[in-house]
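Engineer: Here the sequence shown is numbered in this note's numbering, starting from 33 and rising by one per residue.
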Amino acid sequence: MPVASADMSIMSLILNASLPVQLIMLLLLAISIVSWTFIFSKRMALRRARVQTQDFEDDFWSGGDLADLHQTIAKRRSEQGALARIFDAGMTEYLKSHRSPGALDGSKRAMKAAFQRELDEMETHLGFLASAGSVSPYIGLLGTVWGIMHAFLGLSNVEQATLAAVAPGIAEALIATAIGLFAAIPAVVAYNRYTDEVDRLATRFETFVEEFLNILQRQSR
Numbered sequence: 033m034p035v036a037s038a039d040m041s042i043m044s045l046i047l048n049a050s051l052p053v054q055l056i057m058l059l060l061l062a063i064s065i066v067s068w069t070f071i072f073s074k075r076m077a078l079r080r081a082r083v084q085t086q087d088f089e090d091d092f093w094s095g096g097d098l099a100d101l102h103q104t105i106a107k108r109r110s111e112q113g114a115l116a117r118i119f120d121a122g123m124t125e126y127l128k129s130h131r132s133p134g135a136l137d138g139s140k141r142a143m144k145a146a147f148q149r150e151l152d153e154m155e156t157h158l159g160f161l162a163s164a165g166s167v168s169p170y171i172g173l174l175g176t177v178w179g180i181m182h183a184f185l186g187l188s189n190v191e192q193a194t195l196a197a198v199a200p201g202i203a204e205a206l207i208a209t210a211i212g213l214f215a216a217i218p219a220v221v222a223y224n225r226y227t228d229e230v231d232r233l234a235t236r237f238e239t240f241v242e243e244f245l246n247i248l249q250r251q252s253r
């Protein structure tokens, strides 16, 4: 059982915590580091996706020739955004079979498949953020329960139970809950925000697919 000490700093309490509590803290720290890594990487990825989507929509609706736009995108496909790749998939399929009766259906299927691939890519790591946000508080609570239990069991070794004797053990146990919340709160906030951004981009993609199919239908008449 931890011994009461004048040094009740957070770092001292962590270093003097029992081994199971320290392992739980270490696990929560690892979850937090991975979460923040995904938070920053996903933030940059979604920002880039918004800019690329807006740039492509500006080019698409500028009134230029779609064939020329398709050739430009095809030459630099790896540098294009999600919406440009969806357009490329649909236009490529349409050009292959535009004289056949099922050309529009083939183009629609190609864009739907490309849309799903892009959506899956944008949702990468969001599942981890959701899991970190929901599980981290319980992991921290486990450390708290273990620490408090360890502190009170240690009272059996002293003749007189005092608050000073049990306080360090309770304090170190509560730190585990605090670390759990520190790992969970940013993950939950980021998950909710990024999910909303992905949904809005997905709506823009779906709207574009329908509008593009209408254009192809008019051109095929």
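Quick reminder that beta carbons are idealized off the backbone N, C-alpha and C, glycines included.
1) DSSP three-state label for Ser67, please.
2) Given that a residue counts as buried once 16 or more other Cβ atoms are within 10 Å of its Cβ, and exposed if not, what is Ala38?
3) Is the beta carbon of Leu59 sitting closer than 8 Å to the one on Ile171?
4) Closest to Leu78 by CA distance: which of Gln249, Tyr226, Asn246 is it?
5) Give the single residue among Asp228, Asp152, Ala215, Arg141 whose Cα lies nearest to the Cα of Leu61.
6) Of the choices Ala121, Gly134, Asp137, Arg141, whose alpha-carbon is the least far from that of Ala99?
7) Should Ala250 be labelled buried (16 or more other beta-carbon atoms within 10 Å of its own) or exposed?
8) Go ahead and label Gly95 buried or exposed: buried means 16 or more other beta carbons lie within 10 angstroms of its beta carbon, across all protein chains shown.
9) Going along the chain, which residues of its own chain have a beta-carbon closer than 7 Å to the beta-carbon of Ala81, five neighbours each way excluded?
10) According to DSSP, is Arg141 part of a helix, a strand, or is it coil?
11) How about Ala147 and Val230: do their beta carbons lie closer than 8 Å?
12) Closer than 8 Å, CB to CB, is Ala62 near chain B or not?
13) Should Leu47 be labelled buried (16 or more other beta-carbon atoms within 10 Å of its own) or exposed?
14) For Thr176, tell me which candidate among Glu125, Val220, Glu204 has the shortest Cα-Cα distance.
15) How big is the Cα-Cα spacing for Ser163 and Ala145?
16) Tell whether a beta-carbon distance below 8 Å holds between Pro169 and Gly138.
17) By how many angstroms is the C-alpha of Asp90 removed from the C-alpha of Leu161?
18) Could you check the C-alpha separation between Arg141 and Val221 for me, to the nearest Å?
19) Looking only at its chain, what residues have a beta carbon closer than 6 Å to the beta carbon of Phe126, apart from the 5 residues adjacent to it on each side?
20) Are the beta-carbon atoms of Leu158 and Tyr223 separated by less than 8 Å?
21) So Ser67 packs on Ala219, CB below 8 Å; how close in whole Å?
22) Please determine, among Asp228, His102, Phe70, Leu245, the residue with the shortest C-alpha to C-alpha distance to Leu151.
Structural biologist: A quick look at the data gives this:
1) helix
2) Only weak support exists for where Ala38 lies, its pLDDT of 46 falling under 50; the value from the coordinates is given anyway. Ala38 comes out exposed.
3) yes
4) Tyr226
5) Ala215
6) Ala121
7) According to the sequence shown, residue 250 is Arg rather than Ala. By the 10 Å Cβ count, Arg250 comes out exposed.
8) exposed
9) Gly113, Ala114, Met154, Leu233
10) helix
11) Note that residue 147 is Phe in the sequence shown, not Ala. Contact: no.
12) Here chain B cannot be found, since the structure has a single protein chain.
13) exposed
14) Glu204
15) 27 Å
16) no
17) 33 Å
18) 35 Å
19) The displayed chain sequence assigns Tyr, not Phe, to residue 126. Ala135, Ser139, Leu248.
20) yes
21) 5 Å
22) Asp228
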